[in-house]
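Reading through the structure tokens given below for one structure.
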Amino acid sequence: MTDASFDYFAHGELPTPTLPLDEARSLLREVYGIDTELRSLGSQQDQNFLVTPAGGGDPLGVLKISNPVFSESEIEMQDAAAAVVARAEPTLRIPEIVTGPRGAMSGWWETSQGRLHARVISFVSGKTLTGSAYLSPRVVERLGDLSAAVSVALANETHPASGRVLQWDLRHAERAIAEIAETEPDAEVRAFTAEATARALAALAPVAEALPRQLGHYDVTDDNVLRPHGIQTLPDAVIDFGDVIDSWAVGEIAVTVSSVLHHAGASYRTTLPAIAAFDRRRPLSDDEITALWPLVVLRGVVLVLSGRQQVRLDEANDYASGALDREFSILRRATAVPIEVATAQIRHALGRPAVDGPEWAGAPLLSEPGRAVILDAGTLSPLADEGAWLGDDAVERAAQRLLDEGAEVVVLPALRPVLLGAPSRTPHAPSTVPTAAAVWFARPTTVDVPAGLSIRHGDTEVSAEVPARRRIDVLLTALDPDEVPETIRAADLPGWRAVVGDATLALGVEVPAAPVEDDLLDRREAVVAEVQEHYYARPPRIERGWREFLVDVDGRVYLDMVNNVASVGHAHPRIAAAVSRQTRLLNTNSRFHYAAITRYAESLASRLPDELDTVFFVNSGSEAVDLAIRLAMAATERRDVVAMAEAYHGWTYASDAVSTSIADNPNALETRPEWVHTVDAANSYRGRHRGADAAAYAPEAAARLRALAAEGHPPAAFLSETFYGNAGGVALPDGYLREVYATVRELGGLAVADEVQVGFGRLGSWFWGFEQQGVVPDIVAVAKSIGAGFPLGAVITRREVADRYRTQGYFFSSTGGSPLSSVVGQTVLDIIDEEQLQENARVVGAHLKARLAALGDRHPIVGTVHGSGLYLGLEFVRDRGTLTPATEETAAICDRLLELGVIMQPTGDHQNVLKIKPPLCVTRESADYFVDMLDRVLSTGY
363 MTDASFDYFA HGELPTPTLP LDEARSLLRE VYGIDTELRS LGSQQDQNFL VTPAGGGDPL
423 GVLKISNPVF SESEIEMQDA AAAVVARAEP TLRIPEIVTG PRGAMSGWWE TSQGRLHARV
483 ISFVSGKTLT GSAYLSPRVV ERLGDLSAAV SVALANETHP ASGRVLQWDL RHAERAIAEI
543 AETEPDAEVR AFTAEATARA LAALAPVAEA LPRQLGHYDV TDDNVLRPHG IQTLPDAVID
603 FGDVIDSWAV GEIAVTVSSV LHHAGASYRT TLPAIAAFDR RRPLSDDEIT ALWPLVVLRG
663 VVLVLSGRQQ VRLDEANDYA SGALDREFSI LRRATAVPIE VATAQIRHAL GRPAVDGPEW
723 AGAPLLSEPG RAVILDAGTL SPLADEGAWL GDDAVERAAQ RLLDEGAEVV VLPALRPVLL
783 GAPSRTPHAP STVPTAAAVW FARPTTVDVP AGLSIRHGDT EVSAEVPARR RIDVLLTALD
843 PDEVPETIRA ADLPGWRAVV GDATLALGVE VPAAPVEDDL LDRREAVVAE VQEHYYARPP
903 RIERGWREFL VDVDGRVYLD MVNNVASVGH AHPRIAAAVS RQTRLLNTNS RFHYAAITRY
963 AESLASRLPD ELDTVFFVNS GSEAVDLAIR LAMAATERRD VVAMAEAYHG WTYASDAVST
1023 SIADNPNALE TRPEWVHTVD AANSYRGRHR GADAAAYAPE AAARLRALAA EGHPPAAFLS
1083 ETFYGNAGGV ALPDGYLREV YATVRELGGL AVADEVQVGF GRLGSWFWGF EQQGVVPDIV
1143 AVAKSIGAGF PLGAVITRRE VADRYRTQGY FFSSTGGSPL SSVVGQTVLD IIDEEQLQEN
1203 ARVVGAHLKA RLAALGDRHP IVGTVHGSGL YLGLEFVRDR GTLTPATEET AAICDRLLEL
1263 GVIMQPTGDH QNVLKIKPPL CVTRESADYF VDMLDRVLST GY
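Numbering (the working numbering), first residue to last: 363 to 1304.
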């Protein structure tokens, strides 16, 4: 130990202390008077042990044996800085020196390795973010907030040792890199780090002298923050003040950001929540914004070179060797885009004015630009209809088609999202925005290539003659054209606009202004009732669908695994054609006489047992259930209805009254009207009776019905889903409906089947859910799938039941059974038959269920898989014994799946079940992609 402050360049190598564990334990007893057990902890330059009482118990603290190159003043500065932050931020957990039987446990030890400074600092419980698991945007944001909190707390502090020189001080990065690089044996590593360093230093140089300095932690990283034990907690503790120095203030957030980059799915863009959070608490100047990403790159270089050097010096240092791959990931991802792009993206995220990108000021490239035809390849383009966007050559096919139709010049504008050719299953947002404008000429054409533009056909530079019908790309950029990718992600546009101009203007072609970020979601929330919710806090803007896919305005294609409304697939061309044709013929209310309502009613009734022969048409599932209840009341002249608990049936007065799911209405049980009675949810997985004991649900329900009748409340109806859909597709116990239906009929009531969710072939092995139970209801309510997205519902019953409705007055639904809705309904039935979608539900559903079940072998959170066909539920639990619902985890899993391109939502009273009910046309490949992405989420974090 020395009295002089450490200077890395005078010492260079920093082998860690290696005091034997037994000796450390003996010295703790001799010097501090405590008997302990020690467990070694990792560190790159100090030696750390977890200290627990010799007889067991909670940790006493962490024994930190400082590297002998550090002076006592430097160690005192670390402890003082921690104390300052603790006082300034009382809600944060900050380690402090522990007081033992003989006072503060901090001082000098005479050891077998010489004189060493040892102190016991308080143990801070929780979990670090160490490793490369996924970090959610909330966690990344919190890292930035913690970094800023520490920076603000230390902003006005000084210390005599603050001028020490560390290899991690980004002010000295250039010199540190140069010295360490001389010892790096790998030529490729030297070349890669040298290029990254040169670019970063060039970007940093103009502002370096103007950057403010202060005392700081400069190591608020994923390794040095802790989150409390619990579910989806956020970090609230900062540890390890070993790198406290006086340096550039912006270095605080630069170091924090670098630590995010090695985590699963990270990129420069995923660090933006941390930077924005830092800026909100400790605003960044323009110079600091300019310096930030170059410092992130330099931090990455220092980490790579110093980590490799440390391993060469100390091969036994598992902490250093284990970090090598993570450190290289940091550098690779920090250099994945030009520094100018990252900086412009940061400015955009912070709401700062954009930097002007290149603009074309020369003559137009096309001699007659007015004759050009613009190729609209975006999400809303008719050229993308009916799946025409699929295939790598979709843009080329569209351009050639326009040429065939007589266009002399076809232009695909630059810097606008393109759907044509976009991939359909991608774990990352694909690059859908061309950086260059593309041009096709109908005839061979000579072009004069002006300075400032790059014009290529493929990888070949175009100098004069352009062949007919061949694509050329025109690029306007301030960078070397080889540094500009052909396409970029739409989210990266604000960054790339700083270095890539709109080459479309260089052609002389006028195109509509590029879309700007709008406030559409805010406008929706301002004008649409709050209770009419939308999926996700910040949802993608979906404007197109095709089969099992949904497409946003940026050309990102999502796999829709939740949408049983679009039963036969999104944008089915036969439905579109039927709607178009019928709207040209007739659409009016159902009181007129026309063929469609009769034909559709006959088709629908033919799918049901013979006695169910009379159809009512409505507009939704809620209306269908409401009408079914009123039919039962009219037919029996009673008003009491018995429904299964924890179910959802709709939002109208009657359908809401029998809905007792607290997920849909937290006050459902308290607000239920007196005429509604419930029986236990027949859930054989987490209900009152489980497994084989679930057979008790049916006799208990029958007894409940008889008891109500004995009390003077004979039921008009027993109402339930035939497959317990709201819980995620839980099959009712065998024989349940047979016994309950028999009992309600014995008492003079009717059996009502809610088939809104599970009917119409979705279960695969059965067209109707009641078929699985071997029963025939008196009344069936259907909707959702029967209209494939069109507002259509129906109630089917016996003629004598239907006729009793006259006691309630007349029935009329303006658009229920209209010519248009009837044609749509008939077309859906035809598609299900002709495309064999029920069989697809059976085959693909069985494969999907088996793959989901296999996840349980690897992931303890998987409780079970419910359901049949393409109505499945994956239930998540924290403990398979207690079945504690993993509610928060399920929400986070759904959010992570969205990032990976999968639409999924939770269901059930505990919101811990994935409701898996995709369009019936979903393919085996899409089912596999869903499970693969779910496996990734469960493996890498959420």
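For glycine and all other residues, C-beta sits at the position ideal for the given N, C-alpha and C. Source: prediction; values computed, not measured.
Legend entry - Cβ contact (3+ pairs, closer than 8 Å) linking the region 1099-1111 and the region 1152-1164: no
Legend entry - Beta-carbon proximity of Leu-1070 to His-1039, cut-off 8 Å: yes
Legend entry - Segment contact flag, the region 677-694 with the region 702-720, C-beta cutoff 8 Å, min 3 pairs: no
Legend entry - Length of the line joining the Cα atoms of Met-363 and Leu-667: Since pLDDT at Met-363 reaches only 48, below the 50 mark, its modelled position is unreliable, and the value read off the structure follows with that caveat. Each residue's alpha carbon lies about 26 Å from the other.
Legend entry - 8 Å contact criterion, which Ala-1009 and Ala-1078 should meet: CB distance rounded: Not really, about 17 Å apart at Cβ, beyond 8 Å.
Legend entry - Limits of the beta strand (DSSP E) - the one that Ala-1143 falls within: 1141-1144
Legend entry - Cβ-heavy atom distance, Ser-683 to the ligand HEM, below 7 Å: This structure does not include the ligand HEM; it has no bound ligands of any sort.
Legend entry - Cβ shell of Ala-361 (< 6 Å), same chain only, five flanking positions each side left out: Examination of residue 361 is not possible in this model, given that the chain is present from 363 through 1304 alone.
Inset, instruction - Can you grab the Cα-Cα spacing for the pair Arg-900 / Leu-1260, in whole Å? - result: 11 Å
Legend entry - Alpha-carbon to alpha-carbon, Val-582 and Val-673: 23 Å
Legend entry - Range of the contiguous alpha helix (DSSP H) that encloses Ala-515: 499-516
Legend entry - For Pro-457 and Gly-419, the rounded distance between their alpha carbons: 19 Å
Inset, instruction - For the region 1246-1255 and the region 1190-1204, state whether three or more C-beta atom pairs, one from each stretch, are separated by less than 8 Å. - result: no
Inset, instruction - Check whether the Cβ atoms of Val-1144 and Gly-1155 sit closer than 8 Å, and answer yes or no. - result: yes
Legend entry - alpha helix (DSSP H) segment containing Tyr-920, residue limits: Run containing Tyr-920: none in the alpha helix (DSSP H); it sits in the beta strand (DSSP E), 919-922.
Legend entry - CB of Val-795 within 8 Å of CB of Ala-852, strictly: yes
Inset, instruction - Taking only runs that begin and end inside the region 411-461, name each unbroken beta strand (DSSP E) of 3 or more residues, in chain order. - result: 423-427
Legend entry - Collapsed DSSP secondary structure at Met-1333 in the structure displayed: The question about residue 1333 has no answer here: the residues shown for the chain are numbered 363 through 1304.
Legend entry - Beta-carbon proximity list for Gln-1273, same chain, < 8 Å, skipping 5 on both sides: Ala-1025, Pro-1247, Thr-1249, Thr-1252 and Ala-1253
Legend entry - Residue range of the unbroken alpha helix (DSSP H) whose run includes Pro-656: 648-675
Inset, instruction - Please state whether DSSP places Trp-858 in a helix, a strand or coil. - result: helix
Legend entry - Whole-angstrom distance between Asp-1002 and Thr-976, CA atom to CA atom: 24 Å
Inset, instruction - Tell me whether Thr-1285 sits in a helix, a strand or coil according to DSSP, three-state version. - result: coil
Inset, instruction - Assign Gly-1123 to buried or exposed, taking buried as 16 or more other Cβ atoms, counted over all protein chains shown, within 10 Å of its Cβ. - result: buried
Legend entry - Collapsed DSSP secondary structure at Met-1006 in the structure displayed: strand
Inset, instruction - Please name the residue or residues paired with His-1011 in a DSSP beta bridge. - result: DSSP, once it has assigned bridges, lists no residue as partnering His-1011.
Legend entry - From Arg-778, Leu-782, Glu-748 and Leu-777, residue whose alpha carbon lies closest to that of Ala-760: Leu-782
Inset, instruction - Sort out for me which residues DSSP pairs Ile-483 with in a bridge. - result: Val-424 and Ile-459
Legend entry - Cα-Cα separation between Ala-799 and Met-439, rounded to whole angstroms: 58 Å
Legend entry - Cβ-based burial, Gly-1270 [other Cβ within 10 Å; buried from 16]: buried
Legend entry - Pairwise C-alpha distance: Arg-832 and Glu-823: 13 Å
Legend entry - Boundaries (first-last residue) of the alpha helix (DSSP H) holding Ser-965: 957-968
Legend entry - Simplified DSSP assignment, three categories, for Pro-1247: strand
Inset, instruction - Return yes when the Cβ of Ala-653 is within less than 8 Å of the Cβ of Leu-563, no when it is not. - result: no
Legend entry - From Ser-1176, Leu-390 and Gly-404, residue whose alpha carbon lies closest to that of Ala-678: Gly-404
Inset, instruction - Determine the direct distance from the alpha carbon of Pro-1076 to that of Pro-1280, and round the result to whole angstroms. - result: 40 Å
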